[in-house]
Structures are given as C-alpha cells and as structure tokens.
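**Q** Let me give you the structure first, and then I'll get to my questions.
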Amino acid sequence: MTQLVQPTARPASGIVPWRGIGRVWREMDQPVAGRRVAGTAPVMVAGVAAGLLVAVFMVPTGFNLAYSDAQSHLTIARRLLDSTSSPGIQQLGTVWLPVPHLLLAPLVLVRWMWHTGWGAAVLGAVCLGATAAGM
622 MTQLVQPTAR PASGIVPWRG IGRVWREMDQ PVAGRRVAGT APVMVAGVAA GLLVAVFMVP
682 TGFNLAYSDA QSHLTIARRL LDSTSSPGIQ QLGTVWLPVP HLLLAPLVLV RWMWHTGWGA
742 AVLGAVCLGA TAAGM
C-alpha cells in the first residue's frame with residue numbers, strides 16, 4: 622500500500638513570489654463555472670505578449686508596412702481625426718470595412734505610432750490576445 626506524502630507548509634512570514642501564477646496554473650483544468658472559463662485571462666495575456674514580442678522585432682525592420690494596404694489602413698484611420706480637407710466619418714468611404722479603422726484611429730493620433738506602424742502593431746497584439754482568449 623502506498624502512502625501519500627503531504628507537502629510541508631511554508632512559514633507564513635516568508636514572501637512567496639509568483640503565488641498568483643501558481644494559483645492560476647492550478648485553476649487551468651477546472652471545469653467551466655457559469656460564464657467564467659478558467660484560464661481565459663492568462664491566455665489573453667500570453668497572446669498580447671506574443672504579439673508585442675513579434676512587433677518588437679518586425680516594426681524596426683519596416684516589414685509591417687511592406688504592403689501598401691497596411692499604409693493605406695493607417696492613413697485612413699489618421700484621416701478620421703486629422704485631415705486638412707474634411708476629417709470625419711466620411712473618410713470611411715473606401716472598399717474596406719470601417720471597424721479596423723475606427724479601432725486604429727486613437728492609436729495613430731500619435732505621429733510616431735502612425736509613421737512607424739506601432740499603432741497597428743499594438744492593436745494587432747490586443748486582437749491576437751482577445752482571439753486566443755475567445756478560442
């Protein structure tokens with residue numbers, strides 16, 4: 622007959638780093654309780670982190686703006702709020718759906734985020750995290 626060994630308790634006065642991560646890791650295999658799915662938040666954080674990590678390597682090279690469509694999306698989003706002729710919703714009259722441009726508009730108001738493509742990279746990382754969490 623095998624005997625179960627109980628883990629020893631840590632002293633209450635000691636600081637245990639990463640306690641929250643251990644709790645989250647243990648909850649990953651719990652069944653779904655109502656509308657809460659265990660592990661959704663860590664999966665989203667991991668997706669956003671992965672997207673930003675890729676952006677750190679891709680944005681400085683300029684490959685994120687290699688296709689003219691990427692530059693067009695950034696420009697349309699910027700024209701929504703900053704245009705010499707007529708800024709506003711009428712700038713969405715293109716062949717693309719308006720949702721990405723509306724989400725991107727606040728991020729490209731900062732000139733360097735618009736010029737380098739970091740606005741789209743940040744939005745893409747957040748969308749990657751949300752999609753991973755939804756899956």
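Note that the sequence shown covers residues 622 to 756 in my numbering.
We put the beta carbon where it would ideally sit given N, CA and C, even for glycine.
When you compare the segment 653-673 with the segment 701-714, are there three or more beta-carbon pairs, one atom per stretch, that lie closer than 8 Å?
**A** No, they do not touch.
**Q** Which word fits residue 718, buried or exposed, when buried means at least 16 other C-beta atoms lie within 10 angstroms of its C-beta?
**A** Classification for residue 718: exposed.
**Q** Just confirm the distance between the C-beta atoms of residue 744 and residue 725, as a whole number of angstroms; I'd bet it's less than 8 Å.
**A** The Cβ separation is near 6 Å, so the contact holds.
**Q** Taking 9 Å as the threshold (beta carbon to beta carbon), is residue 661 in contact with chain C?
**A** In summary, chain C is missing from the structure at hand, where a single protein chain is found.
**Q** Per DSSP, residue 657 forms a beta bridge with which residues?
**A** In the DSSP output, where bridge partners are listed per residue, residue 657 has 654.
**Q** What first and last residue would you give for the alpha helix (DSSP H) that runs through residue 712?
**A** No alpha helix (DSSP H) contains residue 712, which DSSP labels as neither H nor E.
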